[in-house]
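Engineer: Residue numbers (the working numbering): 1099 to 1278.
Quick one: the structure is below, questions incoming.
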(Lines of atoms letter the chains of each structure in order from A and count residues from 1; the text may use other names and numbers.)
(Lines give C-alpha, C1' and ligand atoms only; values in the text may rest on other atoms or scores of the structure.)
Protein backbone atom coordinates (compact mmCIF):
# COMPACT_ATOMS: atom_id res chain seq x y z
CA UNK A 1 0.00 0.00 0.00
CA UNK A 2 2.82 2.44 0.78
CA UNK A 3 5.01 3.30 -2.15
CA UNK A 4 8.50 4.65 -1.72
CA UNK A 5 9.18 8.06 -3.26
CA UNK A 6 8.49 11.76 -2.94
CA UNK A 7 5.15 13.44 -3.12
CA UNK A 8 4.46 16.16 -5.62
CA UNK A 9 4.42 18.80 -2.85
CA UNK A 10 7.84 17.71 -1.58
CA UNK A 11 9.30 17.91 -5.08
CA UNK A 12 7.83 21.38 -5.64
CA UNK A 13 9.28 22.63 -2.33
CA UNK A 14 12.76 21.33 -3.20
CA UNK A 15 12.61 22.80 -6.71
CA UNK A 16 11.47 26.17 -5.30
CA UNK A 17 14.35 26.24 -2.80
CA UNK A 18 16.87 25.39 -5.54
CA UNK A 19 15.41 28.18 -7.72
CA UNK A 20 15.67 30.76 -4.93
CA UNK A 21 19.26 29.77 -4.12
CA UNK A 22 20.21 29.89 -7.82
CA UNK A 23 18.77 33.40 -8.10
CA UNK A 24 20.81 34.59 -5.13
CA UNK A 25 24.01 33.12 -6.58
CA UNK A 26 23.41 34.68 -10.01
CA UNK A 27 22.85 38.14 -8.50
CA UNK A 28 26.06 37.74 -6.49
CA UNK A 29 27.96 36.77 -9.63
CA UNK A 30 26.65 39.81 -11.50
CA UNK A 31 27.95 42.08 -8.73
CA UNK A 32 31.33 40.34 -8.88
CA UNK A 33 31.45 40.78 -12.67
CA UNK A 34 30.65 44.49 -12.36
CA UNK A 35 33.37 44.92 -9.74
CA UNK A 36 35.88 43.07 -11.95
CA UNK A 37 35.06 45.26 -14.98
CA UNK A 38 35.43 48.38 -12.80
CA UNK A 39 38.80 47.15 -11.50
CA UNK A 40 39.94 46.73 -15.12
CA UNK A 41 38.77 50.25 -15.97
CA UNK A 42 40.73 51.69 -13.03
CA UNK A 43 43.82 49.68 -14.02
CA UNK A 44 43.48 50.96 -17.60
CA UNK A 45 43.25 54.56 -16.36
CA UNK A 46 46.33 54.07 -14.18
CA UNK A 47 48.28 52.57 -17.11
CA UNK A 48 47.25 55.45 -19.37
CA UNK A 49 48.34 57.85 -16.63
CA UNK A 50 51.81 56.24 -16.55
CA UNK A 51 52.04 56.55 -20.34
CA UNK A 52 50.99 60.21 -20.10
CA UNK A 53 53.74 60.83 -17.54
CA UNK A 54 56.32 59.27 -19.87
CA UNK A 55 54.97 61.26 -22.82
CA UNK A 56 55.22 64.48 -20.80
CA UNK A 57 58.79 63.66 -19.71
CA UNK A 58 59.84 63.23 -23.35
CA UNK A 59 57.83 66.07 -24.92
CA UNK A 60 57.25 68.61 -22.12
CA UNK A 61 53.54 68.57 -22.98
CA UNK A 62 50.58 66.17 -22.97
CA UNK A 63 49.05 64.75 -26.15
CA UNK A 64 45.90 66.38 -27.46
CA UNK A 65 44.39 62.97 -28.20
CA UNK A 66 45.59 59.81 -26.44
CA UNK A 67 44.13 57.58 -29.17
CA UNK A 68 46.15 59.15 -32.00
CA UNK A 69 49.27 57.36 -33.13
CA UNK A 70 52.76 58.68 -32.35
CA UNK A 71 54.13 61.31 -32.34
CA UNK A 72 50.93 63.09 -31.22
CA UNK A 73 49.35 60.17 -29.32
CA UNK A 74 50.42 57.42 -26.95
CA UNK A 75 50.54 54.38 -29.25
CA UNK A 76 52.83 52.64 -30.09
CA UNK A 77 55.68 54.50 -28.36
CA UNK A 78 54.24 54.75 -24.85
CA UNK A 79 51.66 51.94 -24.97
CA UNK A 80 51.32 49.19 -27.56
CA UNK A 81 47.63 50.06 -27.80
CA UNK A 82 45.67 52.52 -25.72
CA UNK A 83 42.94 50.55 -23.93
CA UNK A 84 39.27 51.22 -24.52
CA UNK A 85 36.26 50.47 -22.35
CA UNK A 86 34.20 47.89 -24.26
CA UNK A 87 35.16 49.53 -27.53
CA UNK A 88 34.44 53.08 -26.36
CA UNK A 89 37.27 55.50 -25.69
CA UNK A 90 37.99 56.62 -22.15
CA UNK A 91 37.24 60.27 -21.43
CA UNK A 92 40.25 62.54 -21.94
CA UNK A 93 40.63 66.30 -22.11
CA UNK A 94 43.98 67.98 -22.77
CA UNK A 95 44.16 71.48 -21.31
CA UNK A 96 46.63 74.18 -22.24
CA UNK A 97 45.92 76.91 -19.68
CA UNK A 98 44.24 75.62 -16.51
CA UNK A 99 45.35 78.54 -14.37
CA UNK A 100 45.78 81.41 -16.81
CA UNK A 101 44.27 84.76 -16.01
CA UNK A 102 42.25 85.52 -18.02
CA UNK A 103 41.70 81.93 -19.14
CA UNK A 104 42.35 81.19 -22.76
CA UNK A 105 39.36 79.95 -24.72
CA UNK A 106 41.34 78.78 -27.73
CA UNK A 107 40.96 75.14 -28.71
CA UNK A 108 44.07 75.31 -30.88
CA UNK A 109 46.74 73.26 -29.13
CA UNK A 110 49.24 73.70 -31.92
CA UNK A 111 49.58 77.28 -30.64
CA UNK A 112 49.08 76.46 -26.95
CA UNK A 113 50.93 73.57 -25.32
CA UNK A 114 48.78 71.15 -23.29
CA UNK A 115 50.22 71.18 -19.77
CA UNK A 116 47.33 69.53 -17.91
CA UNK A 117 44.83 66.76 -18.52
CA UNK A 118 41.62 65.24 -17.18
CA UNK A 119 41.20 61.48 -17.72
CA UNK A 120 38.22 59.37 -16.69
CA UNK A 121 36.01 56.32 -16.99
CA UNK A 122 32.38 55.55 -16.23
CA UNK A 123 32.11 52.82 -13.60
CA UNK A 124 29.23 50.39 -13.22
CA UNK A 125 29.32 50.61 -9.43
CA UNK A 126 30.01 53.32 -6.86
CA UNK A 127 32.60 51.29 -4.97
CA UNK A 128 33.81 53.56 -2.13
CA UNK A 129 37.33 52.10 -2.15
CA UNK A 130 37.73 52.97 -5.84
CA UNK A 131 36.18 56.41 -5.46
CA UNK A 132 38.63 57.30 -2.68
CA UNK A 133 41.49 56.92 -5.19
CA UNK A 134 40.11 59.38 -7.74
CA UNK A 135 40.28 63.17 -8.01
CA UNK A 136 36.72 64.40 -8.70
CA UNK A 137 38.08 67.25 -10.75
CA UNK A 138 35.27 69.42 -12.04
CA UNK A 139 35.79 71.49 -15.14
CA UNK A 140 32.28 72.87 -14.90
CA UNK A 141 30.69 75.60 -12.81
CA UNK A 142 28.04 74.59 -10.28
CA UNK A 143 25.30 75.20 -12.84
CA UNK A 144 26.83 72.75 -15.32
CA UNK A 145 28.30 75.34 -17.67
CA UNK A 146 31.88 74.73 -18.77
CA UNK A 147 34.65 76.64 -17.04
CA UNK A 148 36.54 78.99 -19.29
CA UNK A 149 39.93 77.42 -19.82
CA UNK A 150 41.80 76.31 -22.87
CA UNK A 151 40.81 72.81 -23.82
CA UNK A 152 42.48 71.28 -26.82
CA UNK A 153 39.49 69.69 -28.49
CA UNK A 154 35.82 70.56 -28.45
CA UNK A 155 33.14 68.27 -27.00
CA UNK A 156 35.56 66.35 -24.78
CA UNK A 157 34.86 67.90 -21.37
CA UNK A 158 33.33 65.81 -18.66
CA UNK A 159 32.22 66.26 -15.06
CA UNK A 160 34.23 64.31 -12.47
CA UNK A 161 31.43 64.12 -9.90
CA UNK A 162 28.41 63.43 -12.09
CA UNK A 163 26.45 60.37 -13.05
CA UNK A 164 28.13 58.87 -16.14
CA UNK A 165 30.55 61.85 -16.12
CA UNK A 166 27.98 64.26 -17.60
CA UNK A 167 25.68 66.90 -16.17
CA UNK A 168 26.05 68.28 -12.67
CA UNK A 169 27.13 66.69 -9.41
CA UNK A 170 23.52 66.00 -8.43
CA UNK A 171 23.14 62.24 -8.59
CA UNK A 172 25.32 59.20 -8.13
CA UNK A 173 29.02 59.72 -8.75
CA UNK A 174 30.18 56.80 -10.85
CA UNK A 175 32.80 58.81 -12.76
CA UNK A 176 36.35 57.72 -11.91
CA UNK A 177 38.63 60.58 -12.94
CA UNK A 178 42.26 61.57 -12.45
CA UNK A 179 44.49 64.56 -13.14
CA UNK A 180 48.31 64.80 -13.17
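Just so you know, even glycine gets a beta-carbon here, dropped at the ideal spot from N, CA and C.
As the structure is a prediction and not an experimental result, all values here were calculated from the model.
Going by CA-CA distance only, name the one from 1179, 1143, 1133 and 1171 that's closest to residue 1222.
Structural biologist: The residue with the shortest Cα to Cα distance from residue 1222 is 1133.
Engineer: First and last residue of the beta strand (DSSP E) that includes residue 1191?
Structural biologist: Unbroken beta strand (DSSP E) run through residue 1191: 1189-1193.
Engineer: Give me the Cα-Cα distance between residue 1103 and residue 1225, rounded to the nearest whole angstrom.
Structural biologist: C-alpha separation (whole angstroms): 49 Å.
Engineer: For the pair the segment 1176-1194 and the segment 1153-1167, tell me if three or more CB-CB distances fall below 8 Å.
Structural biologist: Enough Cβ pairs lie closer than 8 Å, so yes.
Engineer: Taking the straight line between their C-alpha atoms, what separation do you get for residue 1262 and residue 1107?
Structural biologist: The straight-line gap from Cα to Cα measures roughly 48 Å.
Engineer: Would you identify the three-state DSSP class for residue 1165, choosing helix, strand or coil?
Structural biologist: Residue 1165 falls in the coil class under three-state DSSP.
Engineer: If you drop the 5 nearest sequence neighbours on each side, which residues of the same chain put their C-beta closer than 7 Å to that of residue 1153?
Structural biologist: Excluding residues within five positions, the ones whose Cβ falls inside 7 Å are 1160, 1161, 1172 and 1176.
Engineer: If you check the beta carbons only, do residue 1274 and residue 1228 fall under 9 Å apart?
Structural biologist: Taking 9 Å as the Cβ cut-off, residue 1274 and residue 1228 qualify as a contacting pair.
Engineer: What did DSSP end up calling residue 1213 once you bin it into helix, strand or coil?
Structural biologist: Reduced to three states, the DSSP call for residue 1213 is coil.
Engineer: When we look at the beta-carbon of residue 1061 and count the other beta-carbons within 10 Å, is it buried (16 or more) or exposed?
Structural biologist: No statement about residue 1061 is possible, as the shown extent of the chain runs from 1099 to 1278 and does not include it.
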